[in-house]
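The sequence shown runs 63 to 681 under my numbering. By construction, the Cβ of each residue, glycine as well, lies at the ideal position given by its N, Cα and C atoms.
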Amino acid sequence: MTVLPDDGLSLAAEFPDATHEQWQALVSGVLRKSGKEFSGTAAEDALSTALEDGLSTRPLYTSHDPAPDTGHPGFAPFVRGGRPQGGTAGGWDVRQRHADADPERAREAVLADLENGTTSLWLAVGPGGVPVSGLSRALDGVYLDLAPIALDAGAEYADAAQELLRLYAERGVTADQASGTLGADPLGHEARTGQELDAAPAAELAARCAREYPGIRTLAVDALPYHEAGASAAEELGCSLATGLAYLRRLTAAGLDLQQALGQLEFRYAATADQFLTIAKLRAARRLWARIAEVCGAPADGAQHQHAVTSSVMMTRRDPWVNMLRTTVATLAAGVGGADSVTVLPFDEALGLPDAFARRIARNTSTILLEESHLGQVIDPAGGSWYVERLTDELAHAAWEFFQEIEREGGQASALRSGFVRERLAATWAARSAKLATRREPVTGVSEFPHLAEKPVVREPAPAPLTGGLPKVRRDEAYEALRARSDAHLDATGARPKVFIAALGPAAAHTARATFAANLFQAGGVEPVHDPVSIDNTAAESVAEAFRASGAGVACICSSDALYDEQAEAVAQALQDAGAQRVFLAGKPAERTGVDAHVYAGCDAVAVLTSTLDRMGVA
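In structure tokens:
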């Protein structure tokens, strides 16, 4: 036996190390008890979870999982962060977005945010926010030498930038005090609108900022248009790399040296409730950009400045309060992943302009994580995790492959105009939509545990988003369309479409499937009627009579497989005779007379619910 030094950690020193093969054997034994025969690596594969981009999450990671050297924080390849000190000095920059078109109301919201924890502002300017002419009023009272300003002005980026620089001069802010991002992003604007935008003014602004304003970046490499069109993590990264490289080429051609050009870019990524994927995405983004900087000849200047924004794709319109939880997880992931600035979208973002309460919750999300959870006081807290390091490496390779495909198409502009990006992202979203439809990717409050009696949250409409380019998708869109049909039916008739839950036998036999069926139908706005106590639920005629009294248009039989064999066909026939337009059975499909369709875990819930509303005549 090897004697280890007494380091205070020798509790298990006398026990031999378990091998990977021993663990696999134990897993095989557990799977065998559930009727699944797997052994060795196959047992481990059976417990793996498939991700997008051909990646997978395995059940066990060890020190033997290969991953490249990540270096040190603040040094190439910058996987562990762009600054040696990380966020220990003050955490990340809490950057809140404002898109109110009324300059006075925008000013009130801006000042409230700055007085209560926000450290920088992200302003929508132009058609999607405050007019350029109203920028001065919106920033009235803001200490521009203290609060960095990030603009998002779309096609009006040059005018908005000039107005902001004028305000700096007018209010006595010296060039070295000004900080923020002018937000020029011609390719991002083209992705959103389909309209080409002249990049020459951006190059001129970049040259001016490089000379005069050391704290201002000119261009935003915004990956949100691709994320919002359904891109996977690797596709989002690939598009951002191709866009960033296109801007580097443009800036150096305009006379900036490589170091100056690299310093003029800020990258914007989406942070989702998939916390580990978000952490890996931000770390992989820095590694990939460092590789591009290295190839271009400036390896020491490849630190990527990152702005993370909680995903709008994951935000739901129904049960929007759950969005607070989603954005909390996403913010944690962005902070752990090393984002320099983080924007938390208010929980009511999908409904219109956020109110004061929603903005307060959004900014306090970062405050709690920084001040109470001390998340910023650890440099790269995910570093060294075998899982995170492996996922970062695999995601980086997948993203680099997509980036190379875009380059082979002629670069980001050509890939956008040829339809290559649109088609690739559409295919990815179609595959993900199938998972959402079958509830393999659940959406709490929408496809799982919906609340039909919930009072809708109403907000003032936000400025219309830019359209004409890539589509904007949301995870809840298919179910939202179904719920809208149900709402219209409720408004027109005073009642929602109903499904009668025909629960057979004792509670122990039907409760699980009745609960499952009720949850599924409510996801489409179909109200379940379930009253097994007041009827003789073992008699077909009694069930049929209860159906007639329920006012429902369709019925779903719920019970155990044993009772199905005894009673399902008789009950189904009685329900049809009683006028049921469609009779469902909760359980795996099997041939049973009178049963029109089955609902079960993994079925296409959207298709089932759509056909149900169609059959009941819900417009």
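Under a 10 Å Cβ-count criterion, HIS126 is classified as exposed, with fewer than 16 other Cβ atoms of the shown protein chains found around its own Cβ. When secondary structure is reduced to three states using DSSP, LYS343 falls in the helix class. Counting along the chain, ALA171 sits inside the alpha helix (DSSP H) bounded by residues 165-177. By the 16-neighbour rule on beta-carbons within 10 angstroms, ASN178 is exposed. Pairing GLY397 with LEU453 gives a Cβ-Cβ distance that is not under 8 Å. Spatial neighbours of HIS660 in its own chain (CB-CB distance under 8 Å, excluding positions within 5 residues in sequence) are listed in chain order as PHE646, LEU647, ALA648, GLY649, LYS650, PRO651 and ALA652.
Taking a contact to require three or more Cβ pairs closer than 8 Å, the stretch 297-306 and the stretch 468-478 qualify as touching. ARG169 counts as buried, since at least 16 other C-beta atoms from the protein chains shown sit within 10 angstroms of its C-beta. Given a length threshold of 3 residues, each whole run of the beta strand (DSSP E) inside the stretch 176-260 is given here in chain order: 182-186, 211-214 and 242-246.
DSSP, reduced to helix, strand and coil, places ASP284 within a strand of the structure shown.
Annotation: GLN629 is outside any beta strand (DSSP E) and is labelled neither H nor E by DSSP. When C-alpha distances from ALA262 are compared across ALA272, PRO248, TYR275 and GLU274, the shortest belongs to PRO248. For the pair ALA323 and GLN474, the CB atoms are not nearer than the 8 Å cut-off. Nearest C-alpha to LEU528 among PHE578, GLY97, PRO189 and LYS343: PRO189.
By the neighbour-count criterion, in which 16 or more other beta carbons inside 10 Å mark a residue as buried, LEU387 falls on the exposed side.
When the Cα atoms are used, ASP155 and GLU539 turn out to be separated by approximately 32 Å. By the Cβ rule, the stretch 535-551 does not count as touching the stretch 566-575, because fewer than three pairs are nearer than 8 Å.
Burial check for ARG610: the Cβ neighbour count within 10 Å stays below 16, so the residue is exposed. The continuous stretches of alpha helix (DSSP H) do not include CYS665, and DSSP gives it neither H nor E. Within its own chain, the residues whose Cβ lies closer than 8 Å to the Cβ of ALA129, once the five positions on either side in sequence are excluded, are TRP448, GLU451, ARG452, THR454 and ASP455, listed in chain order.
HIS513 and GLN584 have their C-alpha atoms spaced approximately 8 Å apart. In the DSSP annotation of this structure, ILE563 is not part of any alpha helix (DSSP H); the continuous beta strand (DSSP E) holding it starts and ends at 560-565. Rounded to the nearest angstrom, the gap between the Cα atoms of GLN366 and ALA444 is 18 Å. One thing to note: ALA602 has its Cβ within 8 Å of the Cβ of GLN629.
The C-beta distance from ARG380 to LEU413 rounds to 10 Å, too long to fall under 8 Å, and the pair is not in contact.
When C-alpha distances from VAL588 are compared across ILE563, ILE619, SER548 and ASP553, the shortest belongs to SER548.
For the alpha helix (DSSP H) assignment, the uninterrupted runs of no fewer than 4 residues enclosed by the stretch 425-488 are, from N- to C-terminal side, 448-470 and 474-480. Using a Cβ distance threshold of 8 Å, PRO559 and VAL670 do not count as a contacting pair.
Around the beta carbon of ARG142, 16 or more other beta carbons lie within 10 angstroms, which makes this residue buried. With contacts defined as CB atoms closer than 8 Å, SER612 and THR490 fail to qualify as a contacting pair. Counting along the chain, the unbroken alpha helix (DSSP H) around PRO263 starts and ends at 262-274. The alpha carbon of GLU166 has as its nearest neighbour, out of ALA138, GLY191 and GLY152, the alpha carbon of GLY191. In this model, ASP363 and VAL440 are separated by some 24 Å (Cα to Cα). Counting other Cβ atoms within 10 Å of its Cβ, GLU411 reaches 16 or more and is therefore classed as buried. Residue environment for TYR205: exposed (fewer than 16 other C-beta atoms within 10 angstroms of its C-beta).
Judged by beta-carbon spacing, ALA460 lies within the 8 Å limit of LEU117, meaning their Cβ atoms are closer than that value.
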